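See structure below.
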Amino acid sequence: MSHVLMDHHWASYGYSLSERLKRLRLQRGMTQLRLSEVSGVSRTLISNLERNHYNSQRSADPTLSTLYRLALGLQVPPSALLPAVDREVEAVCPDDLEDDWQALDPFRGLLGGD
Numbered sequence: 004m005s006h007v008l009m010d011h012h013w014a015s016y017g018y019s020l021s022e023r024l025k026r027l028r029l030q031r032g033m034t035q036l037r038l039s040e041v042s043g044v045s046r047t048l049i050s051n052l053e054r055n056h057y058n059s060q061r062s063a064d065p066t067l068s069t070l071y072r073l074a075l076g077l078q079v080p081p082s083a084l085l086p087a088v089d090r091e092v093e094a095v096c097p098d099d100l101e102d103d104w105q106a107l108d109p110f111r112g113l114l115g116g117d
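Residue numbers (this note's numbering): 4 to 117.
Structure representation (structure tokens):
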């Protein structure tokens with residue numbers, strides 16, 4: 004259950020990353036293809052990260068080296084792509100996923116959850 008909770012919370016961090024990545028790319032007048040060329044990260048992965056999408060089942064979960072290469076391509080420190088450490092990321096959950104979480108509420112006690 005805790006793994007599922009981590010994925011649920013990570014979706015909010017992935018959403019924050021996706022917004023920052025796209026905003027920084029557009030501010031620099033770059034296409035996804037151009038960012039791919041200068042960073043060495045595939046255009047498909049950039050697209051997935053900007054949509055907070057990974058294997059159509061989970062939130063984007065890039066490696067540290069991917070974040071570093073994207074930051075180099077954007078000419079920003081890697082921390083510019085991450086949520087501020089002194090701020091909690093607000094939960095962002097699509098309506099259908101939120102409905103799924105609510106449907107699980109009666110079972111949380113059975114699995115050792117809150």
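Where is the CB? At the ideal position from N, CA and C, for every residue including glycine.
In this text the structure is predicted, and so the values were computed from the model without any measurement.
- Counting the other Cβ atoms within 10 Å of the Cβ of T69 gives 16 or more, which makes it buried.
- Around L24, the same chain offers L52, E53, L73, L84 as residues with beta carbons nearer than 7 Å, after the five sequence neighbours per side are excluded.
- According to the DSSP assignment, Q35 belongs to the alpha helix (DSSP H) that extends over 35 to 42.
- At the C-beta level, V41 and G17 stay beyond 8 Å of one another.
- A distance below 8 Å between beta-carbons, with the five flanking residues on each side excluded, links V44 to the following residues of its chain, in chain order: L38, T69, R72, L73, G76.
- The three-state secondary structure of R31, taken from DSSP, is coil.
- For A74, the enclosing alpha helix (DSSP H) begins and ends at 67 to 77.
- Sequence-distant Cβ neighbours of P81 in its own chain, meaning closer than 6 Å and more than five residues away, are L70, Y71, A74.
- Here L67 is exposed. Its C-beta has fewer than 16 other C-beta atoms within 10 Å.
- Residue environment: L27 is assigned as buried (16 or more neighbouring CB atoms within 10 Å of its CB, all protein chains considered).
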